[in-house]
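Participant: One structure is given below, represented as structure tokens, and several questions about it will come after.
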Amino acid sequence: MKDKTKGFLGLLRKGGRLYFGETLLYSIDKVKLVILARDAEPGTKKTYFSKTESRNIPLLVLSDKKTLGEAIGFSKVSAIGIRDAKAAKKIIELEKGDPDEETNLLLEEK
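Numbering-wise (the numbering used here), the sequence shown opens with residue 1025 and increments by one.
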């Protein structure tokens, strides 16, 4: 995950534009993008892949739980949901970056 993305996620959390934890599972229909940690449990991954696919929500698989959590002020987080469409688009753009640059982006667009 790029530093700009981490900073942006922190701002989104302060602005109340994120869902995470159980709240994300119950509010999945309200999100425009899900960011999932690479080291999330297999059951967690399966749940989010299924929920995002059935609802046509883009899914990014980035970094690890520790890095994802630290970006929003927690020790570890497996998944984050972005509520704002413009913010979701911005995060996708930040992670895609320069087409010549190698990136760790795995984007599932349905």
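Even glycine gets a Cβ: it sits at the ideal position worked out from N, Cα and C.
Compute the Euclidean distance between the alpha carbons of Ala1064 and Thr1071, then round it to the nearest angstrom.
Facilitator: In the sequence shown, the residue the question calls residue 1064 occupies position 40. In the sequence shown, the residue the question calls residue 1071 occupies position 47. So the alpha carbons of these two residues sit roughly 11 Å apart.
Participant: Provide the residue span of the beta strand (DSSP E) that contains Gly1105, from first to last.
Facilitator: What you label residue 1105 is simply residue 81 of the sequence shown in a count that begins at 1. It spans 1103 to 1106 - the beta strand (DSSP E) in which Gly1105 sits, taken as one unbroken run.
Participant: Throw me the rounded Cβ distance for the Arg1041 and Gly1097 pair, which I believe falls under 8 Å.
Facilitator: Against the sequence shown, residue 1041 aligns to sequence position 17. Against the sequence shown, residue 1097 aligns to sequence position 73. No, Arg1041 and Gly1097 are not in contact; Cβ-Cβ is about 14 Å, not under 8 Å.
Participant: Using DSSP's beta-bridge definition, name the partner residues of Tyr1043.
Facilitator: Against the sequence shown, residue 1043 aligns to sequence position 19. DSSP output for Tyr1043 lists Gly1105 as bridge partner(s).
Participant: Would you mind listing the alpha helix (DSSP H) stretches within the stretch 1025 to 1106 that are 4+ residues and don't spill past its ends, in chain order?
Facilitator: Taking only runs of at least 4 residues, the alpha helix (DSSP H) segments lying wholly in the stretch 1025 to 1106 are 1027 to 1038, 1046 to 1050, 1066 to 1079, 1089 to 1095.
Participant: Does the Cβ of Glu1117 have 16 or more other Cβ atoms within 10 Å, making it buried, or fewer, making it exposed?
Facilitator: In the sequence shown, counting from the first residue as 1, residue 1117 sits at position 93. Classification for Glu1117: exposed.
Participant: Apart from the five residues just before and just after Gly1034, which ones in its own chain have a Cβ nearer than 8 Å to its Cβ?
Facilitator: Along the sequence shown, read from residue 1 onward, the residue named residue 1034 stands at position 10. So the qualifying residues of the chain are Ala1095, Ile1096, Gly1097.
Participant: Check whether the Cβ atoms of Leu1092 and Glu1119 sit closer than 8 Å, and answer yes or no.
Facilitator: In the sequence shown, residue 1092 corresponds to position 68, counting from 1. In the sequence shown, residue 1119 corresponds to position 95, counting from 1. No. Outside cutoff.
Participant: Would the beta-carbon of Lys1089 fall within 8 Å of that of Ala1109?
Facilitator: Within the sequence shown, numbered from 1, the residue matching residue 1089 stands at position 65. Within the sequence shown, numbered from 1, the residue matching residue 1109 stands at position 85. Not closer than 8 Å, so no.
Participant: Do you know how far the Cα of Lys1054 is from the Cα of Pro1066?
Facilitator: Position 42 of the sequence shown, counting from 1, holds the residue named residue 1066. Position 30 of the sequence shown, counting from 1, holds the residue named residue 1054. Between Pro1066 and Lys1054, the C-alpha separation is close to 24 Å.
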